[in-house]
Amino acid sequence: MLKLITGLRHFQSHLFESHRALFERLGEGQSPEVLFITCSDSRINPNLMTNTAPGDLFILRNAGNIIPPHGSGNTGEAATIEFAVTALGVKDIIVCGHSACGAMKGVLHPENLDSMPAVKSWLSFADATRRIVNENYAHLEEEDKLNVAIQENVLVQIENLRTLPSVAAGLVAGKLRIHGWTYKFQTGEVFCYSQEEGQFLPAVDVDYDKAQTRPKMAASAI
Ligand SMILES: [Zn+2]
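Structure follows, in structure tokens:
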């Protein structure tokens, strides 16, 4: 705790002054363009890795960057996402998994979670991830299986995200784009899911205009 108090003093006496104009402007309101959904893991810093400032990212974090699908009850995730889309009008949603994710280890081995019933229950929102891995990647070594689980889970959670009414409507209206990312914190690399290629590619190589949307249907007779 001493480290935090010392850091707080440094922030107030040095850093705040150099950003005073920004903080005063933010006092009038926020208008972030991106909702960033990621894991609670202490090794991830969304603002640091994207070189963004206070006010740029609306951030939702939990164990495993999980998004309970619509109908799961009154979850904080659904409320946070609905607020970001409806009240703030974010244009992009990023779902970002990460290397060495402890939550994904738990998803692959729920038998190790008996002493943490709340965690076990929460991770059931990633049951599809475990089944996808077990039925399609059983031949892989444990480390590779974990890396696949981290990627597949991002795609599973994006499917859940699309079930939320505000997100579904925003996608059809063309006001919203969804991006699946994985972050390798040991190297600083970020990979983005490419719909065209069907795999995660270095984020700098991906065409963001082809991010996941859902075009409005053309009117047709039934
Ligand atoms: Zn994690």
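Per the working numbering, the sequence shown starts with residue 12, numbered consecutively. Yeah, the Cβ is synthetic: ideal placement off N, Cα and C, and Gly gets one too. This structure is a prediction, so every number in the text was calculated from the model and none was measured.
Cβ shell of residue i (< 7 Å), same chain only, five flanking positions each side left out
i: I70; result: F47, P57
i: L212; result: F202, C203, S205
i: F196; result: R54, I55, H109, S110
i: L151; result: V159
i: V96; result: S177, V178, G181, L187
Cross-strand partners of residue i (DSSP beta bridge)
i: K195; result: E200
i: V45; result: L68, D103
i: H109; result: Y194
i: N73; result: C50
Helix, strand or coil at residue i [DSSP, three-state]
i: Q206; result: coil
i: L212; result: strand
i: D138; result: helix
i: V217; result: coil
Residue i vs residue j beta-carbon contact at 7 Å
i: E163; j: T140; result: yes
i: D103; j: R188; result: yes
i: L168; j: V118; result: In the sequence as displayed, the identity of residue 168 is Gln instead of Leu. Not a contact, by the Cβ cut-off of 7 Å.
i: V144; j: K156; result: yes
i: G191; j: V165; result: yes
i: R72; j: T86; result: no
i: P80; j: T174; result: yes
For residue j and residue i, the rounded distance between their alpha carbons
i: L15; j: D52; result: 18 Å
i: S231; j: E146; result: 39 Å
i: L26; j: E39; result: 20 Å
i: S42; j: E35; result: 14 Å
i: P65; j: F22; result: 14 Å
i: N62; j: T198; result: 16 Å
i: G113; j: M127; result: 13 Å
i: H120; j: N76; result: 17 Å
i: M208; j: V101; result: At residue 208 the sequence reads Glu, which differs from the Met that was named. Going by the C-alpha atoms only, they are around 26 Å apart.
i: E93; j: D218; result: 26 Å
i: S29; j: L37; result: 15 Å
Beta-carbon contacts of residue i that lie in its chain and below 8 Å, excluding the five residues immediately before and after
i: S83; result: A89, F136
Cβ-based neighbour list, residue i, same chain, cut-off 6 Å, excluding 5 preceding and 5 following
i: L172; result: I78, V178
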